[in-house]
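Chains as they are written, first to last, in our numbering: chain V, 1 to 511; chain P, 512 to 641.
Ideal placement from N, C-alpha and C gives every residue a C-beta, glycine not left out.
Please read these numbers as outputs of a predicted model, since none were measured by experiment.
Notes for the one structure printed next.
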């Protein structure tokens, strides 16, 4: 309340009178506070006004006042002009004011209001007018700036005649409650999402009846049952447990240990789709109701992978043993046919040749070897001549593992021989390596090695292991035919077979 | 192994079938057998070839690899058992990984010493005589 006063210096007698008035006012206030005053008559501009403080029903009023003082909600009453005529202890505490400070003041002296929804105030007033009551939430801001969310119930107070006497507001600070509700809501959203998006099946069962009371979407997909057909069923009815006896056993264990785990259960979906699942069941208390949560993980894929890995390990073991057997055979033959002085070197070269083939196979995950890669790998020791003295010509072609090993070993022997006695033993000799796939129906494959500009060729007196490799062994590797020609002007070798016996897949054919 | 029906006691006459898809191994084995005085009834890298040779009835014993380019050679084993022809099984797979068709046969793990194989092969014939 602000009023303007025109101050003038009071005279001596006036000061004495004013002091007497002030003293009187203090005594009245004191009397009011100590409950000795029943009513006040105030002379106002509009005539005398009676404020009843105590009367015939003073006892009842005091009794009511006591009750209001005890309740934890803030209670504030206003007169029709909006001036505070009552507030209880809880209101004093909530708004940080005392009755003496605010009685007779406007509500805005206690707090200001912020409406959370636009037009909230107008709506509240309209409702108050129509129904005489409004309840809802808003934000109260105390004089010291502190804010809190309140749930407020406002009613129109009426006199015996029905004439409005003011308003009564019962206000509850719901900041904490709202914060808590918010937390619960966030938690609900979060865990529901977890439940619904889980890539594991989740079933909630009633401990007592053993019936399903909740199932997540993954579970309904896994079993191929709509959710409402799962609810109310028991585990053995949906094919998760073998029979009723197994089910009973699970519940018994759960009662004792609260947890049951099955590492591998067969699960038949409704459409007969077979899955292997891992089940972990936990029993817990859900606000007084004992429930069982079953987590069902589809391990079909994992089992398949495990089987695959096991198979691969066995395969790797088999291949390693086979390769060692081949190395052993190569060593045996190298020793039998060759010069003992050069045995170690020749064996090492041949093992390197086999190893190069293995590298290429691993590169394509055993899906074969590209012809060009094979040639380059086997001629690695004379790589600097590739493109100049060693000319490669042929289409892209992927060889199957077996043929690749046979052709690779042959190329190694041919290169070794050429470097020792043939076209690569001088400075100008050349090697033409040419492979092709020809014919439309049942195409044929051929590869040729032709040397030129080398020293004059002299056919060897006896057949060494190298000749076996480029002859019989190469033939066996491709189920084909080899031709060896010690022509005077240059050694020539060729190998031909059915393309289907050689190629892993014919990538492209010559135009 | 099934009781051998081995008429020939002279080992140099014994005709051995080699069933092996790895040309290098087949070759080395063949060389070893020839050096040891055996006759070679045939070398088969494929199932059909092996079955044809067995059906021809011109072999007295066999050495078979269990896996021929990814195909099991179990039918060869069955045909040999049916013809009472003794055989030795060689494989890079362990004995535990073998199929039933090979059960009871003398098993030699790859890689093996050529002498061991020759010894095992001679064993087939001495068993047959007992």
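Considering residue 400 of chain V, what are the terminal residues of the beta strand (DSSP E) in which it resides? No beta strand (DSSP E) holds residue 400 of chain V; DSSP gives it neither H nor E.
Compare the C-beta of residue 533 of chain P against all C-beta atoms of chain V and say whether one is closer than 8 Å. yes
Can you grab the Cα-Cα spacing for the pair residue 168 of chain V / residue 188 of chain V, in whole Å? 37 Å
Can you give me the C-alpha to C-alpha distance between residue 324 of chain V and residue 442 of chain V, rounded to a whole angstrom? 35 Å
Hey, how far is the Cα of residue 475 of chain V from the Cα of residue 501 of chain V? 11 Å
Helix, strand or coil, according to DSSP, for residue 534 of chain P in the structure here? helix
Listing by chain order, which chain P residues have their CB less than 7 Å from the CB of residue 355 of chain V? Here the premise fails: no neighbours, minimum Cβ distance about 15 Å.
Just the chain V side, please: which residues come within less than 7 Å of residue 621 of chain P by C-beta, in chain order? 321, 322, 325
Simplified DSSP assignment, three categories, for residue 518 of chain P: The predicted position of residue 518 of chain P is uncertain, since its pLDDT is 49 and thus under 50; a value taken from the coordinates is nonetheless stated next. Note: residue 518 of chain P maps to coil in three-state DSSP.
Just how far apart, CA to CA, sit residue 314 of chain V and residue 357 of chain V? 21 Å
Residue interval of the beta strand (DSSP E) (run including residue 148 of chain V): 147-158
Excluding sequence positions up to five away, which residues of its chain have a Cβ less than 6 Å from the Cβ of residue 86 of chain V? 77
Measure the C-alpha to C-alpha separation of residue 1 of chain V and residue 109 of chain V and round it to an integer number of angstroms. Annotation note: pLDDT 48 at residue 1 of chain V (below 50); position unreliable, coordinate value reported separately. Cα to Cα, the separation comes out at about 9 Å.
Below 8 Å, can you find three or more Cβ-Cβ pairs linking the region 408-417 of chain V to the region 372-388 of chain V? yes
By alpha-carbon positions, which one of V:268, V:271, V:279 ends up nearest to residue 262 of chain V? V:279
Check: residue 181 of chain V C-beta below 7 Å from any heavy atom of the ligand GDP: Of ligands this structure carries none, so the ligand GDP is not represented either.
Host beta strand (DSSP E) of residue 258 of chain V (start-end): Segment: none, residue 258 of chain V is in no beta strand (DSSP E) and carries neither H nor E.
As a quick exercise: from V:308, V:274, V:171, pick the residue whose alpha carbon is nearest that of residue 72 of chain V. V:171
Residues of chain V with CB under 7 Å from residue 628 of chain P, in chain order? Simply none; closest approach about 11 Å.
Contacting residues, own chain, Cβ-Cβ under 6 Å from residue 224 of chain V (five flanking each side not counted): 269, 270, 271
Under 8 Å between C-beta atoms, does residue 473 of chain V make it to chain P? yes
Starting from residue 221 of chain V, follow the beta strand (DSSP E) in both directions and report where the run begins and ends. Run containing residue 221 of chain V: none in the beta strand (DSSP E); it sits in the alpha helix (DSSP H), 217-223.
Distance CB(residue 212 of chain V)-CB(residue 205 of chain V) smaller than 8 Å: yes
Can you give, in chain order, each stretch of the alpha helix (DSSP H) that sits fully within the region 348-404 of chain V and has at least 4 residues? 371-378
Which of helix, strand or coil DSSP assigns to residue 106 of chain V: strand
Test item: CB-CB of residue 534 of chain P and residue 477 of chain V under 8 Å: yes
From which residue to which residue does the alpha helix (DSSP H) around residue 322 of chain V run? 300-337
What's the C-alpha gap between residue 445 of chain V and residue 438 of chain V? 7 Å
Since residue 536 of chain P meets chain V, which of its residues come closer than 9 Å, beta carbon to beta carbon? 322, 325, 326, 328, 329
Out of V:289, V:304, V:259, V:257, which has the shortest C-alpha to C-alpha gap to residue 276 of chain V? V:304
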